[in-house]
Amino acid sequence: MKSSVIQTVVAAASVASAHTIMQAVNGLEMGKGIYMPDNDNTPIQDVSTDSIACSGSPVKKWRSSPDVIEVQAGSQVTGLWLHELGSTGPDEYTDNKVIASSHHGPVMAYLKKVDDATNNPAGGPGDGWFKISEVGYENQVWGVDKLIEDEGIQTVTIPECIEDGDYLLRFELIALHSASAPMGAQFYLSCAQIRVSGGTASKTPETVSFPGAYSNSDPGILVQIWENDLPYPADYTVPGPAVFTC
7 MKSSVIQTVV
17 AAASVASAHT
27 IMQAVNGLEM
37 GKGIYMPDND
47 NTPIQDVSTD
57 SIACSGSPVK
67 KWRSSPDVIE
77 VQAGSQVTGL
87 WLHELGSTGP
97 DEYTDNKVIA
107 SSHHGPVMAY
117 LKKVDDATNN
127 PAGGPGDGWF
137 KISEVGYENQ
147 VWGVDKLIED
157 EGIQTVTIPE
167 CIEDGDYLLR
177 FELIALHSAS
187 APMGAQFYLS
197 CAQIRVSGGT
207 ASKTPETVSF
217 PGAYSNSDPG
227 ILVQIWENDL
237 PYPADYTVPG
247 PAVFTC
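In this note's numbering, the protein residues as written are 7 to 252.
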């Protein structure tokens, strides 16, 4: 009974205060080199749609960018998540500068090599994606918990062994507070447009497709994370493929 009450409270809070937007890369001005919602932080909840690649519909208002961000292979890239565009502090929900603290879940990043990174989000759906980062659940700390602690900064390393060229960099977090119900998990994601140089091209990653890499019934997506006031389980499996390493 206690667990069900917690779920109800969390679900109600999610309606009132939830959500987040990926809005800046490498400390650049908001929206530069990234396809993102225009202050609409609605999540994707059906992984079988093309929106799961680089987002888009059902959110209607989006900002495209003509810019491509130059990055070195082996370097770190940062993305900034905030509850609303340009947020500088918490709103009336004091834990909600980045995302509501109840929205536990993993944080991930993927790359896809493309001919033209500005073809975003149209270049997203289909094969070619490989995971370069994941922060799941360890020692009762979720990736989203760490993201909040880091004030919304997600840091990923571009593998040094990949080919040079244009890539879509897919930042993603999954909120699992309501994931015990089918299509209750909330997917927040945006694709940044990057151009990698200095790669050794010494290893070719195995790739997956979006849509296709996830199922709405995957154990890391359709999952009950609440029990006795604490999120669990300790053996949570992050959705998708293993992280590519050089």
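We put the CB at the ideal spot given by N, CA and C, even for glycine.
For the beta strand (DSSP E) that contains residue i, what are its first and last residues?
{"i": "Ser203", "result": "Gln192 to Ser203"}
{"i": "Glu140", "result": "Gly132 to Val141"}
{"i": "Ile50", "result": "Segment: none, Ile50 is in no beta strand (DSSP E) and carries neither H nor E."}
{"i": "Ser215", "result": "Val214 to Phe216"}
{"i": "Ile27", "result": "Ile27 to Val31"}
{"i": "Ile40", "result": "Ile40 to Pro43"}
{"i": "Gln230", "result": "Segment: none, Gln230 is in no beta strand (DSSP E) and carries neither H nor E."}
{"i": "Gln160", "result": "Ile159 to Thr163"}
{"i": "Gly85", "result": "Gln82 to Leu88"}
Name the residue from the options whose alpha carbon lies nearest to the alpha carbon of residue i.
{"i": "Glu35", "options": "Gly111, Glu166, Ser71 and Ile168", "result": "Ser71"}
{"i": "Thr206", "options": "Ile50, Pro165, Tyr143 and Ala128", "result": "Pro165"}
{"i": "Asn47", "options": "Ser196, Tyr242, Thr251 and Glu233", "result": "Ser196"}
{"i": "Val77", "options": "Leu91, Gly171 and Gly37", "result": "Gly171"}
{"i": "Gln146", "options": "Thr251, Trp232, Glu178 and Pro49", "result": "Trp232"}
{"i": "Glu212", "options": "Lys38, Tyr143 and Leu117", "result": "Leu117"}
{"i": "Gly226", "options": "Val214, Thr251 and Pro188", "result": "Pro188"}
{"i": "Gly85", "options": "Ala106, Val31, Pro49 and Tyr194", "result": "Val31"}
{"i": "Pro49", "options": "Gly37, Asp151 and Ile180", "result": "Ile180"}
{"i": "Trp87", "options": "Thr55, Arg176, Cys252 and Ala123", "result": "Arg176"}
{"i": "Gln230", "options": "Ile168, Glu155, Ala185 and Ala123", "result": "Ala185"}
{"i": "Lys38", "options": "Trp148, Ala198, Leu228 and Gln82", "result": "Ala198"}
{"i": "Tyr156", "options": "Thr55, Ser107 and Glu169", "result": "First, the residue type needs correcting, since residue 156 is Asp and not Tyr in the sequence shown. Considering only alpha carbons, the answer is Ser107."}
{"i": "Thr4", "options": "Ala219, Glu178 and Cys167", "result": "Because the chain spans 7 through 252 in this model, residue 4 falls outside it and cannot be assessed."}
{"i": "Gly142", "options": "Ile27, Asp44, Glu169 and Val249", "result": "Val249"}
{"i": "Cys252", "options": "Glu169, Trp68, Asp224 and Ser223", "result": "Glu169"}
{"i": "Thr26", "options": "Tyr194, Ala219 and Gln82", "result": "Tyr194"}
{"i": "Leu228", "options": "Gly33, Gln51 and Pro43", "result": "Gln51"}
{"i": "Val83", "options": "Asp44, Ala115, Pro43 and Arg69", "result": "Ala115"}
Determine the extent of the alpha helix (DSSP H) in which residue i is found, giving its start and end residues.
{"i": "Val150", "result": "Gly149 to Glu155"}
{"i": "Ile58", "result": "Ser57 to Cys60"}
Do residue j and residue i count as a contact pair if the criterion is CB distance below 8 Å?
{"i": "Val74", "j": "Ile200", "result": "yes"}
{"i": "Gly80", "j": "Gly204", "result": "yes"}
{"i": "His89", "j": "His183", "result": "no"}
{"i": "Leu174", "j": "Val104", "result": "no"}
{"i": "Val53", "j": "Ser208", "result": "no"}
{"i": "Asn126", "j": "Tyr41", "result": "yes"}
{"i": "Leu4", "j": "Gln192", "result": "There is no way to answer for residue 4, as the model of the chain reaches only from 7 to 252."}
{"i": "Glu140", "j": "Val244", "result": "yes"}
{"i": "Gly111", "j": "Val150", "result": "yes"}
{"i": "Pro217", "j": "Lys137", "result": "no"}
{"i": "Gln160", "j": "Val113", "result": "yes"}
{"i": "Trp4", "j": "Ala219", "result": "In this structure the chain extends from 7 to 252, so residue 4 is not present and cannot be described."}
With DSSP as the reference, identify every bridge partner of residue i, one or two as the case may be.
{"i": "Glu76", "result": "Arg201"}
{"i": "Glu178", "result": "Met114 and Leu195"}
{"i": "Tyr173", "result": "Lys119 and Ile200"}
{"i": "Glu144", "result": "Val147"}
Cβ of residue i less than 8 Å from any chain D Cβ?
{"i": "Gly171", "result": "Given the protein chain composition of this structure (a single chain), no chain D is represented."}
query: So, do the region 116 to 133 and the region 50 to 61 have three or more beta carbon pairs nearer to each other than 8 Å?
result: yes
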